[in-house]
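Number 22 in the working numbering belongs to position 21 of the sequence shown; there are no gaps in the numbering.
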Amino acid sequence: MKEQPLLAKISQSLFILISVGWLLHIGSSIILPIIFAGMLSVFLLPLEKRVRNAVKIKAVSIIISFVACLIPLFILSFLFSLQLMSILESLPSIGKNLEQGLNRLIHNLAHLVPGFSPESLLDPENQSLDGPLSFISKGFVSTTTFLTSFGLTFLYAFFILYYRVNIKNFIIYQFAKKTRPEIRQTLTQIKETIQAYLSGVGIVVIILAILNSIGLSIIGIKYAIFWGTFAGILAVIPYVGTLIGGILPFLFALSTADANWQPIAVVVYYVFIQQIEGNLITPKIVGNKVDINPMFAILAIVLFGTFWGVAGIILALPIISILKIFLENFDNTKPYALLMSTEIDGGSKSFEDK
Numbered sequence: 002m003k004e005q006p007l008l009a010k011i012s013q014s015l016f017i018l019i020s021v022g023w024l025l026h027i028g029s030s031i032i033l034p035i036i037f038a039g040m041l042s043v044f045l046l047p048l049e050k051r052v053r054n055a056v057k058i059k060a061v062s063i064i065i066s067f068v069a070c071l072i073p074l075f076i077l078s079f080l081f082s083l084q085l086m087s088i089l090e091s092l093p094s095i096g097k098n099l100e101q102g103l104n105r106l107i108h109n110l111a112h113l114v115p116g117f118s119p120e121s122l123l124d125p126e127n128q129s130l131d132g133p134l135s136f137i138s139k140g141f142v143s144t145t146t147f148l149t150s151f152g153l154t155f156l157y158a159f160f161i162l163y164y165r166v167n168i169k170n171f172i173i174y175q176f177a178k179k180t181r182p183e184i185r186q187t188l189t190q191i192k193e194t195i196q197a198y199l200s201g202v203g204i205v206v207i208i209l210a211i212l213n214s215i216g217l218s219i220i221g222i223k224y225a226i227f228w229g230t231f232a233g234i235l236a237v238i239p240y241v242g243t244l245i246g247g248i249l250p251f252l253f254a255l256s257t258a259d260a261n262w263q264p265i266a267v268v269v270y271y272v273f274i275q276q277i278e279g280n281l282i283t284p285k286i287v288g289n290k291v292d293i294n295p296m297f298a299i300l301a302i303v304l305f306g307t308f309w310g311v312a313g314i315i316l317a318l319p320i321i322s323i324l325k326i327f328l329e330n331f332d333n334t335k336p337y338a339l340l341m342s343t344e345i346d347g348g349s350k351s352f353e354d355k
């Protein structure tokens, strides 16, 4: 059989990529709940199996597993809503105090930095203090919209767990009989990777929430546990989540803090936490679960973020990790998996040994 020219192969690949990207973008409202449901069902699978050993009825064991998952979420959401209501009640005064705090900060910088002129920044035409507050409001609206899809996600997850054997067999039977044992092993590896990644991210979120809350409490910021936990949750956004989580406490400290050093201390502390999280906590806990080099990780984050926004950024790493596992298990796609891997020396040999 005559081999296709290189240009034809490239054209076909680009056409497929563009078509898939277009479908992912326009079908996000359908695809995203299914993906989240798939990850949730895989994460809850060990718990569901243990519960089923006790109750013997699959539907009941799935519901009990969901309840065990939802109770902590509801408690956390209730506590967050109480704190959030207190913060929103003081939002008008926060906006006015934010302007005063920013003026104090700029004047202090003028004394510390030679040649720094605060007049340009204090010019009303150049100030956009409504920007951060409107960003906060839009962020909460977007979060509310995102949370409304939870019901559909849990519904999908229920059926994925209930019919998981059928779904697994359907995938396996799409391949030749001689390759089915390898596909079965690949699906098991994907399941273990998702479970390890989600549990690792959960541990990172808890650690960061504790560290952030302690740090903000020491600095003397009001609602320290709320801001610390909120920043910890944002760690699900790779690379920049912790940094983004520090912006809101900084603005809040700028508008409510009694001392000028407190907002600066918040920035310094979050930069410090960002370094610890990026270089120690996440690599040690999550890094060994996701063998993706930073270049492809960033590309995946940008790509899926373009398609699906914040949800795409959160899903980028687990999706590309699943893709890499599939690519590793086929001879003609192993080079692509190697390109995505963190291995530098001896990577080809390691693939040949598999």
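Where a beta carbon is used, it is the ideal one built from N, C-alpha and C, also for glycine.
Asked	Found
Alpha helix (DSSP H) containing V267: first to last residue?	262 to 277
Would you say A38 and A158 are within 8 angstroms of each other, going by their C-beta atoms?	yes
In angstroms with no decimal places, state the Cα-to-Cα distance between S30 and I302.	19 angstroms
Reducing DSSP to helix, strand and coil, say where T307 ends up.	helix
Would you decide whether E49 is buried or exposed? Buried here means 16 or more other CB atoms lie within 10 Å of its CB.	buried
With N213 and I274 assumed to form a contact (beta carbons below 8 angstroms), what rounded beta-carbon distance in angstroms separates them?	6 angstroms
Whether or not the stretch 323 to 330 and the stretch 187 to 206 are in contact is what I'm after, with contact meaning three or more pairs of Cβ atoms, one per stretch, closer than 8 angstroms; do they touch?	yes
Given a cut-off of 8 angstroms on the beta-carbon distance, is the pair G201 and K57 in contact?	no
So, L235 versus G246, is the Cβ gap smaller than 8 angstroms?	yes
Would you mind sorting S20 into buried or exposed? The rule is 16 or more other CB atoms within 10 Å of its CB.	exposed
When you compare only the Cα positions, how much space is there between R53 and L46?	10 angstroms
Less than 8 angstroms between the CB atoms is what I'm expecting for P34 and L153, so what's the real figure, rounded?	5 angstroms
Would you call A317 buried or exposed, if buried means 16 or more other Cβ atoms sit within 10 Å of its Cβ?	buried
Would the stretch 255 to 267 and the stretch 334 to 343 be scored as touching if the rule is three or more Cβ pairs under 8 angstroms?	no
Quick test of your reading: G229 and Y270, contact by CB under 8 angstroms. State the CB separation rounded to the nearest angstrom.	About 10 angstroms; that fails the 8 angstroms criterion.
Enumerated in chain order, which unbroken segments of the alpha helix (DSSP H) with a length of 4 residues or greater are wholly contained in the stretch 190 to 265?	225 to 234, 242 to 257
Just to confirm the assignment, what range does the alpha helix (DSSP H) spanning P73 have?	59 to 90
Is S322 helix, strand or coil when you go by DSSP?	helix
Under 8 angstroms: do the stretch 179 to 188 and the stretch 65 to 72 share three or more Cβ pairs, one atom per stretch?	no
Measuring straight from C-alpha to C-alpha, what distance separates I137 and A55?	Here I137 scores only 48 on pLDDT, less than 50, and its place in the model is too uncertain to base an answer on.
Using only alpha-carbon positions, find the residue among L244, Y240, L209, I265 that is nearest to G221.	I265
What's the call for G313, buried or exposed, on a 16-neighbour Cβ count within 10 Å?	buried
Comparing C-alpha positions only, which one of M296, E329, M341 sits nearest to Q186?	E329
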